[in-house]
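Below is one structure; the comments refer to it alone.
Number of protein chains: 2
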Amino acid sequence: MTNKLNSNNLTKSEEDYLKALFQLLVEDNSAKVGNNQLADYLNVSPASTNNMIKKLKSKGYVVSEKYGKLDLTEAGKSIAVRLIRKHRLWETFLCNYLNFTWDEVHDVAEQLEHIKSRKLIDELDRFMDFPKKDPHGELIPNANGEYSILPKVTLSSLSEGDVCKLMAVNDGSVNFLKYVSAIGLVLSSEIKILEVREFDNSIRIQFNDTVETVTRKFADNVFVKKVV
Amino acid sequence: MTNKLNSNNLTKSEEDYLKALFQLLVEDNSAKVGNNQLADYLNVSPASTNNMIKKLKSKGYVVSEKYGKLDLTEAGKSIAVRLIRKHRLWETFLCNYLNFTWDEVHDVAEQLEHIKSRKLIDELDRFMDFPKKDPHGELIPNANGEYSILPKVTLSSLSEGDVCKLMAVNDGSVNFLKYVSAIGLVLSSEIKILEVREFDNSIRIQFNDTVETVTRKFADNVFVKKVV
DNA sequence: TTAATTTGTTAGTCATGGCTAACTTTTTTA
DNA sequence: TAAAAAAGTTAGCCATGACTAACAAATTAA
């Protein structure tokens, strides 16, 4: 009875596609997501994506017209949000209890998010006392599947003299995460923009008595809240 | 470099077969394990087993001659023990930290044991302060893959007047585990054999001021240490 | 010791989820 | 607006790991 609600019976692959599509649609906030874009994001061939999209359409998780853009149904979104909830809760657990660092959590969480057990994830949530944010600063959807995103202001969008607080980092690249840690930045670090160099868009920043120069590419991946 | 040691690159199926074979060989202590027996244990067809055994032989995890009994190589045993370690550590975590009961842990642990991360499991071990036994009383292999089994004395092997302590339960059946919990038995419970009935081999036992009659089948699945 | 039964093997099929190559539709741009 | 480029689709292939059906070998029982 209640068991049916726990198990959605999707394969790991199906889940991966739904989550990826959600991330492209909602998180990266693209107006239009196409087949090849999704293929690219997942590192599979366009043919594979086309195939899977067909299946997900027939199961009622995806909608699209031939040669048209892709979209998720409510059911599809719900699955994706649950995966994101699981991913972020596991990342939080790994960092806060199992001594994992920012850059180590992603691959393992990628596996753990496919474990099927409603009780497991809700109990893990309770065990950690219902954390609001994951180690990268992203909001964790709650047990009801309520999803919200932080307004994303990048460090690169600020100007000389501005002061901001580190709210989140893009967790897409291990090298980036390692770099962030290495220079000593952590969530909630207060950062002052000392100088924005026109020539190469590099930015001179200060935090905790440290002065660093970072590239535009780096600053694009750091999300902040403006303080001054 | 060290990464190679962490990832053995076996599929979930391959792991399942190795673990099953190990359990039949070592835990159930069978002198001879055959193809159909393994198939039966895993609820797959003999043809599937035959197929997989071929593959595992070619990969160096299994040895056997045509029409002969199956055996594991050291490499095969090592994989199996690591799976059992992961399974039992996760069960311990689920019971001790996430409010799972005896009978709920198995299915989830079955999924979690396939997560590939050496660090994850070793840190989980450390987090729980290196537990020696899982919730069913079974010994947990350590990080070096050292495996040992409790001498298995069943409740059914004792006689009237004997007193024993509950050391472990067979975790093979959810119904059995539920039953054990329901009547109030827990690990380390002291049990006195009041009467063994010749007629149907049922046993009258006493523990914590409770008197219960249990069947032979039940008593076969309860492992104890004789005290008196 | 031969016949029956059990156990093991092989061949061929299917679904999943990848792939490439070839093709079609849509979009861009010259 | 027509040609080029990009995006999407289809057909057909492959590996994995299930399956059934048919057959072979080994074991057990008559």
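These protein sequences, in sequence, are chains A and B. The first sequence lines up with residues 1022 to 1249 when you count with the numbering used here. The second sequence lines up with residues 1022 to 1249 when you count with the numbering used here. Virtual Cβ for every residue (Gly too), placed ideally from N, Cα, C.
For residue 1111 of chain A, which residues from the same chain have a beta carbon less than 7 angstroms from its beta carbon, with the 5 sequence-adjacent residues on both sides left out? Translated into the one-based positions of the first sequence, residue 1111 of chain A becomes position 90. Scanning its chain for C-beta atoms nearer than 7 angstroms, with the 5 sequence neighbours on each side dropped, one finds around residue 1111 of chain A the residues 1130, 1133, 1134, in chain order.
What whole-angstrom Cβ distance do residue 1090 of chain B and residue 1054 of chain B have, given they're in contact under 8 angstroms? Translated into the one-based positions of the second sequence, residue 1090 of chain B becomes position 69. Translated into the one-based positions of the second sequence, residue 1054 of chain B becomes position 33. The Cβ separation is near 6 angstroms, so the contact holds.
Simplified DSSP state of residue 1240 of chain A, which is helix, strand or coil: Position 219 of the first sequence, counted from the first residue, corresponds to residue 1240 of chain A. It is helical.
Quick check on residue 1073 of chain B: does DSSP put it in helix, strand or coil? As a position in the second sequence, residue 1073 of chain B is number 52, starting the count at 1. Assigned with DSSP and collapsed to three states, residue 1073 of chain B falls in helix.
Whole beta strand (DSSP E) elements within the region 1203-1236 of chain A, 3-residue minimum: List check, beta strand (DSSP E) in window: 1211-1217, 1224-1228, 1231-1235.
Can you list the alpha helix (DSSP H) stretches of 4 or more residues lying completely in the region 1112-1164 of chain A, in chain order? Fully contained in the region 1112-1164 of chain A are the following alpha helix (DSSP H) runs of length 4 or more, in chain order: 1126-1133, 1139-1148.
Exposed unless 16 or more other CB atoms sit within 10 angstroms - verdict on residue 1156 of chain B: By one-based count along the second sequence, residue 1156 of chain B stands at place 135. By the neighbour-count rule (16 or more Cβ atoms within 10 Å), residue 1156 of chain B is buried.
Proximity test, Cβ basis, 8 angstroms: residue 1137 of chain B and chain A: On the second sequence, residue 1137 of chain B is found 116 positions in, with the first residue counted as 1. Yes, contact with chain A.
Can you list, in chain order, the residues of its chain with a C-beta nearer than 6 angstroms to that of residue 1174 of chain A? Leave out the 5 residues immediately preceding and following it. In the first sequence, the residue the question calls residue 1174 of chain A occupies position 153. Contacts found: 1245.
Looking at chain A, is there any beta carbon in it that lies within less than 8 angstroms of the beta carbon of residue 1277 of chain B? Past the edges of chain B, shown from 1022 to 1249, lies residue 1277 of chain B, and the structure says nothing about it.
Taking residue 1148 of chain A as the query, report the chain B residues whose CB atoms sit under 9 angstroms from its CB, ordered along the chain. Start at 1 with the first residue of the first sequence, and residue 1148 of chain A comes out as number 127. The contacting residues are 1118, 1119, 1120.
Anything in chain B within Cβ reach of residue 1307 of chain A, meaning under 7 angstroms, just list it in chain order. No information on residue 1307 of chain A is available, as it lies outside the stretch 1022 to 1249 that chain A covers here.
For a cutoff of 8 angstroms on Cβ pairs, would you count residue 1023 of chain B as touching chain A? Locating residue 1023 of chain B in the second sequence gives position 2, counting from the first residue. At residue 1023 of chain B the pLDDT is 35, less than 50, meaning the model places this residue with poor confidence; the figure from the coordinates comes in the next sentence. No, because no Cβ of chain A sits closer than 8 angstroms to the Cβ of residue 1023 of chain B.
Residue-chain proximity (residue 1144 of chain B, chain A), Cβ-Cβ < 8 angstroms: By 1-based counting over the second sequence, the position of residue 1144 of chain B is 123. Closer than 8 angstroms: yes.
Does the beta-carbon distance from residue 1211 of chain B to residue 1186 of chain B come in below 8 angstroms? Your numbering for residue 1211 of chain B matches position 190 in the second sequence. Your numbering for residue 1186 of chain B matches position 165 in the second sequence. Cβ distance < 8 angstroms, so residue 1211 of chain B and residue 1186 of chain B count as in contact.
Rounded to whole angstroms, what is the Cα-Cα separation between residue 1076 of chain B and residue 1087 of chain B? In the second sequence, residue 1076 of chain B corresponds to position 55, counting from 1. In the second sequence, residue 1087 of chain B corresponds to position 66, counting from 1. The straight-line gap from Cα to Cα measures roughly 14 angstroms.
Residues that residue 1133 of chain B contacts on chain A, provided the C-beta gap is smaller than 7 angstroms: Along the second sequence, read from residue 1 onward, the residue named residue 1133 of chain B stands at position 112. 1136, listed in chain order.
Straight-line gap, residue 1099 of chain B to residue 1074 of chain B (C-alpha atoms, nearest Å): As a first step, residue 1099 of chain B must be located in the second sequence, where it is residue number 78. As a first step, residue 1074 of chain B must be located in the second sequence, where it is residue number 53. Each residue's CA atom was taken as its position, placing residue 1099 of chain B and residue 1074 of chain B some 17 angstroms apart.
So, with DSSP's three-state summary, where would you put residue 1052 of chain A? Here residue 1052 of chain A refers to the residue found at position 31 of the first sequence. In the structure shown, residue 1052 of chain A sits in coil (DSSP, three-state: anything other than H, G, I, E or B).
Pick helix, strand or coil for residue 1092 of chain A, following the three-state DSSP scheme. The sequence position of residue 1092 of chain A within the first sequence is 71, counting from 1. Here residue 1092 of chain A sits in strand by DSSP.
Less than 8 angstroms separating the beta-carbons of residue 1184 of chain B and residue 1232 of chain B? Working through the second sequence from its first residue, we reach residue 1184 of chain B at position 163. Working through the second sequence from its first residue, we reach residue 1232 of chain B at position 211. No; because the gap between Cβ atoms is not below 8 angstroms, this pair is not in contact.
What residues are listed by DSSP as bridge partners for residue 1246 of chain B? Looking up residue 1246 of chain B in the second sequence gives position 225. Note: residue 1246 of chain B sits in a beta bridge opposite B:1186.
Contact between the region 1200-1209 of chain A and the region 1161-1171 of chain A is defined here as three or more beta-carbon pairs at a separation below 8 angstroms; is this criterion met? The way I'd put it, the region 1200-1209 of chain A doesn't touch the region 1161-1171 of chain A; fewer than three beta-carbon pairs between them come closer than 8 angstroms.
For the alpha helix (DSSP H) that residue 1082 of chain A lies in, which residues bound it at each end? On the first sequence, position 61 is the one that residue 1082 of chain A refers to. Unbroken run through residue 1082 of chain A: none, as it is neither H nor E.
Closest Cβ-Cβ distance between residue 1104 of chain A and chain B: below 8 angstroms? The residue labelled residue 1104 of chain A in the question sits at position 83 within the first sequence. For residue 1104 of chain A, the nearest beta carbon of chain B is not closer than 8 angstroms to its own beta carbon.
Starting from the C-beta of residue 1252 of chain A, find all residues in its chain whose C-beta is less than 6 angstroms away, skip the five residues before and the five after it, and write them out in chain order. Missing from the structure shown is residue 1252 of chain A; chain A here goes from 1022 to 1249 and no further.
Determine the direct distance from the alpha carbon of residue 1126 of chain B to that of residue 1128 of chain A, and round the result to whole angstroms. Taking the first residue of the first sequence as 1, we reach residue 1128 of chain A at position 107. Taking the first residue of the second sequence as 1, we reach residue 1126 of chain B at position 105. Rounded to whole angstroms, residue 1128 of chain A to residue 1126 of chain B spans 24 angstroms at the Cα level.
Is there a Cβ of chain A sitting closer than 8 angstroms to that of residue 1141 of chain B, yes or no? The residue you call residue 1141 of chain B lines up with position 120 of the second sequence. Chain A places a beta carbon closer than 8 angstroms to that of residue 1141 of chain B, counting this residue as a contact.
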